[in-house]
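Student: First the structure, then my questions, so here it is.
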Amino acid sequence: MFELLIGLRYTRAKRRNGFISFIQLISIAGIGLGVAALIIVLSVMNGFQEEVRNRILGMASHITITGPGSALGNWQNAAQTAEQNLHVKGTAPYVLGQGLFTNGSQVKGVLVRGIEPAQEPKVSEITDKMLVGSAADLRANEFSVILGWNLAQELGVTMGDKVTLITPQGQVTPAGLIPRLRQFDIVGIFKADYYPYDANLALIHLSDAQKLYRTGDAVTGVRVKLDDLFQARQVAREINRSLPELIVADWSQENPSYFRAVEIEKRMMFIILTLIVAVAAFNLVSTLVMVVTDKQADIAILRTLGASPASIMKIFLVQGAMSGVIGTASGVVGGVLVALNIGTIVPFIERLIGSQILSADVYLITELPSKVISSDVISIGVISLLLALLATLYPSWRASRVNPAEALRYE
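Take a look at the structure:
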């Protein structure tokens, strides 16, 4: 018990050498800043990952069921089977094809998705993404289209205009293969806030897509939405067991490169910023070595009073550990507070410097999102404490090796 009391007293006491106290304060501040920076950066990366994932899945699907070829015949059976799973909120068929939209001299390659307007809101956020018009305005046999807003801008068209779609499924004539042309009326424009959709996606009615791409009654596949997107992989396996002849893929399989890149980047940032904490923690080594040198007379007196080398070592372990605890605690509190209020702090900094940090013309998002995950905060705190404790071992061992007679010789 006396080791704890003396160690705490040494932590609070002023040094005869003020420089040692200053170095200890810098070490504690360094640990706190490193821990806070790590929490803030990981929280922003978590928020960014969630924001982009939600934008991708806002117009995509959690699970996609397709056939072994390019068409799914009895799609109604696949949809009914999927809906039997308790996690499935809705299903909708789709036809996917490629084409060229033209308007005068403007030509743009696009992905054309045929949808069923009544069922599409069950699997996507199309109704919330419409700038003008509605998905219900897509009617069978009227050849109408809804464009992404970037696509509409590039083509120079707006609501009520007409565009021509050229599809690769052409007609064979004596003169050769002639591409199929079809004029479409623009009945809506959506903005998904995700450039690949806004610039490359066009929505038409399912029956029009079936005629245009000559799929008959078949579709490209069935899209499925779940109540929890993180259950997608497990639910996909369960659906696949019921439909072994079909291909069932979840959202992480459809966007593997992006999500793998984000995860690798997050891990690398964790390692890099942990090194900052490690540098600050190992500053405690120099601080405690100087403290041991400064306290040699006190150590000698304790030894002559009967304190064992192990007790002396515990005293300085307590002192070093307390510095780590104070630095880690201050860093955790500061980091969490900043991460939770990043949406207020960043606009204040932008007003202060008179410039926008995330320009809407360059970046996918214009506001820094943040999501504090408790497991990340706990991991960072534990790692910081372990590094601080590790940094105290050598100075504490040196303190336990002090010879009382040598230390008191010149006192």
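Numbering of the sequence shown is given in our numbering, commencing with residue 4 and proceeding in unit increments.
Every residue gets a Cβ at the ideal spot worked out from N, C-alpha and C, and that includes glycine.
Given 8 Å as the limit, is there contact between the region 39-54 and the region 307-321, that is, 3 or more CB pairs closer than that?
Tutor: No contact exists between the region 39-54 and the region 307-321.
Student: State buried or exposed for Pro199, treating a residue as buried only when at least 16 other CB atoms are found within 10 Å of its CB.
Tutor: In the sequence shown, residue 199 corresponds to position 196, counting from 1. Pro199 should be labelled exposed.
Student: Please tell me whether Leu287 and Ala394 are closer than 8 Å, where the distance is taken between their beta carbons.
Tutor: As a position in the sequence shown, residue 287 is number 284, starting the count at 1. As a position in the sequence shown, residue 394 is number 391, starting the count at 1. Contact flag set, yes.
Student: Among Arg142, Ile26, Ser403, which one has its Cα closest to the Cα of Thr307?
Tutor: Within the sequence shown, residue 307 is the residue found at index 304, counting from 1. Nearest of Arg142, Ile26, Ser403 to Thr307, Cα basis: Ser403.
Student: Could you check what DSSP says for Ile267 in three-state terms: helix, strand or coil?
Tutor: To locate residue 267, count along the sequence shown from 1; it is residue 264. In this structure, Ile267 counts as helix in the three-state DSSP scheme.
Student: Going by other Cβ atoms of all chains shown within 10 Å of its Cβ, with 16 needed for buried, is Phe104 buried or exposed?
Tutor: Residue 104 sits at position 101 when you count from the first residue of the sequence shown. Buried, by the Cβ-count rule.
Student: Reducing DSSP to helix, strand and coil, say where Thr417 ends up.
Tutor: Because the chain spans 4 through 414 in this model, residue 417 falls outside it and cannot be assessed.
Student: Just how far apart, CA to CA, sit Val115 and Gln83?
Tutor: What you label residue 115 is simply residue 112 of the sequence shown in a count that begins at 1. What you label residue 83 is simply residue 80 of the sequence shown in a count that begins at 1. If I take the Cα positions, the gap works out to 25 Å.
Student: Where does Ser311 sit, in a helix, a strand or coil, going by DSSP?
Tutor: As a position in the sequence shown, residue 311 is number 308, starting the count at 1. Three-state DSSP puts Ser311 in coil, outside helix and strand.
Student: Classify Leu45 as buried or exposed, calling it buried when 16 or more other Cβ atoms lie within 10 Å of its own Cβ.
Tutor: The count along the sequence shown starts at 1 and reaches residue 45 at position 42. So Leu45 counts as buried.
Student: Have a look at Leu60 and Ser127 and give me their C-alpha separation to the nearest angstrom.
Tutor: The sequence position of residue 60 within the sequence shown is 57, counting from 1. The sequence position of residue 127 within the sequence shown is 124, counting from 1. C-alpha separation (whole angstroms): 8 Å.
Student: Would a C-beta distance cut-off of 8 Å place Ile207 and Gly72 closer than the cut-off?
Tutor: Here the question's residue 207 lines up with position 204 in the sequence shown. Here the question's residue 72 lines up with position 69 in the sequence shown. No, the pair does not count as a contact, with Cβ atoms beyond the cut-off.
Student: Have a look at Lys374, Val385, Lys214, Ile242 and flag the residue whose alpha-carbon is nearest the alpha-carbon of Leu343.
Tutor: Against the sequence shown, residue 343 aligns to sequence position 340. Comparing Cα-Cα distances from Leu343 to each of Lys374, Val385, Lys214, Ile242, the minimum goes to Lys374.
Student: Work out the CA separation of Val328 and Leu389 for me, nearest whole Å.
Tutor: Sequence index remark: in the sequence shown, residue 389 carries index 386 (1-based). Sequence index remark: in the sequence shown, residue 328 carries index 325 (1-based). Using only the alpha carbons, I get a separation of about 10 Å.
Student: Shortest alpha-carbon distance to Ile279 belongs to which of Met162, Glu257, Leu41?
Tutor: Taking the sequence shown and counting its residues from 1, one reaches residue 279 at position 276. With distances taken between Cα atoms, Ile279 lies closest to Leu41.
Student: Would you mind listing the beta strand (DSSP E) stretches within the region 180-236 that are 3+ residues and don't spill past its ends, in chain order?
Tutor: 204-208, 224-229
Student: Which residues in the same chain as Val160 place their Cβ atom closer than 8 Å to its Cβ, once the five residues preceding and following it in sequence are excluded?
Tutor: The sequence position of residue 160 within the sequence shown is 157, counting from 1. Cβ within range, chain order: Asn106, Leu150, Val166, Ile189.
Student: Rounded to whole angstroms, what's the CA-CA distance from Asn49 to Arg58? Just pull it up for me.
Tutor: Taking the first residue of the sequence shown as 1, we reach residue 49 at position 46. Taking the first residue of the sequence shown as 1, we reach residue 58 at position 55. Near 14 Å, if we compare the C-alpha coordinates of Arg58 and Asn49.
Student: Phe187: buried (16+ other C-beta within 10 angstroms of its C-beta) or exposed?
Tutor: In the sequence shown, counting from the first residue as 1, residue 187 sits at position 184. Burial call: buried.
Student: Can you tell me whether DSSP reads Arg404 as helix, strand or coil?
Tutor: Here residue 404 corresponds to residue number 401 of the sequence shown, with the count starting at 1. If DSSP states are grouped into helix, strand and coil, Arg404 belongs with coil.
Student: Is it buried or exposed, Gly330, if we count other Cβ atoms within 10 angstroms and call 16 or more buried?
Tutor: The sequence position of residue 330 within the sequence shown is 327, counting from 1. So Gly330 ends up on the buried side.
Student: Is Leu209 near Val282, with beta carbons less than 8 Å apart?
Tutor: Looking up residue 209 in the sequence shown gives position 206. Looking up residue 282 in the sequence shown gives position 279. Against a cut-off of 8 Å, the Cβ pair of Val282 and Leu209 comes out as no contact.
Student: Whole-angstrom Cβ separation of Ala252 and Ala74, contact assumed at under 8 Å?
Tutor: Locating residue 252 in the sequence shown gives position 249, counting from the first residue. Locating residue 74 in the sequence shown gives position 71, counting from the first residue. About 16 Å; that fails the 8 Å criterion.
Student: Which one of Gly191, Leu36, Asp230 has the shortest CA to CA distance from Lys125?
Tutor: Walking along the sequence shown from the start, residue 125 turns up at place 122. Among Gly191, Leu36, Asp230, the Cα nearest to that of Lys125 belongs to Asp230.
Student: Who are Val328's beta bridge partners in DSSP?
Tutor: To locate residue 328, count along the sequence shown from 1; it is residue 325. Answer is none; Val328 lacks a bridge partner.
Student: Please go through the same chain and pick out, in chain order, the residues whose beta-carbon is closer than 8 Å to the beta-carbon of Asp379, but skip the five residues on each side of it.
Tutor: Here residue 379 refers to the residue found at position 376 of the sequence shown. For Asp379, where only same-chain residues beyond five positions count, the Cβ hits under 8 Å are Ile42, Leu45, Ser46, Asn49.
Student: Helix, strand or coil: how does DSSP classify Asp379 here?
Tutor: On the sequence shown, residue 379 is found 376 positions in, with the first residue counted as 1. If DSSP states are grouped into helix, strand and coil, Asp379 belongs with the helices.
Student: When we look at the beta-carbon of Met271 and count the other beta-carbons within 10 Å, is it buried (16 or more) or exposed?
Tutor: Locating residue 271 in the sequence shown gives position 268, where the first residue counts as 1. The residue is exposed, with fewer than 16 neighbouring Cβ atoms inside 10 Å.
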